[in-house]
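Peer 1: Okay, handing you the structure first.
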Amino acid sequence: MNVLMVCLGNICRSPLAEGILKNKVNSKYTFVDSAGTAGYHVGNAPDPRSIKVANDHSIDISTQRCRKFSVSDFDSFDVIYAMDKSNYNNIIGLARNKMDVEKVKLLLNEINLNNEEVPDPYHDSDDGFEKVFIMIDKACSLIAARLENR
């Protein structure tokens with residue numbers, strides 16, 4: 001199973017989601033990556049605050065590098081998780097067919113189907129990153145359990 005986590009810049013939320021899910025699954029059976037719908041930070045490491053909050057939870061995301069989502073990701077991934085509705089819509093806008101569209105989900109819909117969003121902590125205080133980590137961690141725990149039971 002190949003899983004892609006997507007946010008806007010691929011420096012805050014999606015790198016956390018990648019690191020969290022990687023930490024919960026067997027890498028022999030599940031490949032996890034992340035990307036951003038905008039190319040603002042291509043090649044950069046995640047935001048230092050994301051790296052710190054991940055480290056606080058014993059997860060190292062410092063070696064990740066930002067990349068932009070591309071249409072070829074529909075071919076490479078079985079499921080694509082968007083952190084919010086704006087990025088969901090950006091991804092869907094690149095879909096070539098119904099199969100592509102069916103791969104895209106809002107991450108927090110794994111917890112409930114209320115179409116809740118993972119807020120972007122970029123302009124928030126440091127505790128915003130901790131709050132986002134907790135939200136993502138909860139969704140990734142459910143995803144990992146589902147993947148193990150396949």
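The opening residue of the sequence shown carries number 1 in the UniProt record's numbering; numbering runs sequentially from there. Glycine included, each C-beta is placed from N, C-alpha and C at the ideal position. Keep in mind it's a predicted model, so treat the numbers as computed, not measured.
1. Can you tell me which of the three DSSP states K138 falls into?
2. Report the three-state DSSP secondary structure of Y88 (helix, strand or coil).
3. Could you give the uninterrupted runs of the alpha helix (DSSP H) lying entirely in the UniProt domain "Phosphotyrosine protein phosphatase I" (1 to 146), keeping only those of 4 residues or more?
4. For E148, count the other beta carbons within 10 Å of its own beta carbon; 16 or more makes it buried, fewer makes it exposed. Which is it?
5. Kindly indicate which residue of K22, I80, R49 has the alpha-carbon position closest to the one of D124.
6. L4 to A54, Cα distance in whole Å?
Peer 2: Reading off the structure:
1. Here the question's residue 138 lines up with position 138 in the sequence shown. Correct three-state label for K138: helix.
2. For this step, residue 88 is matched to residue 88 along the sequence shown. In this structure, Y88 counts as helix in the three-state DSSP scheme.
3. 13 to 24, 48 to 56, 73 to 76, 85 to 94, 98 to 102
4. Sequence index remark: in the sequence shown, residue 148 carries index 148 (1-based). Exposed: under 16 other Cβ atoms inside 10 Å.
5. Here residue 124 refers to the residue found at position 124 of the sequence shown. For D124, the nearest C-alpha among the options comes from R49.
6. For the purposes of this step, residue 4 is taken as the residue at position 4 of the sequence shown. For the purposes of this step, residue 54 is taken as the residue at position 54 of the sequence shown. Using only the alpha carbons, I get a separation of about 18 Å.
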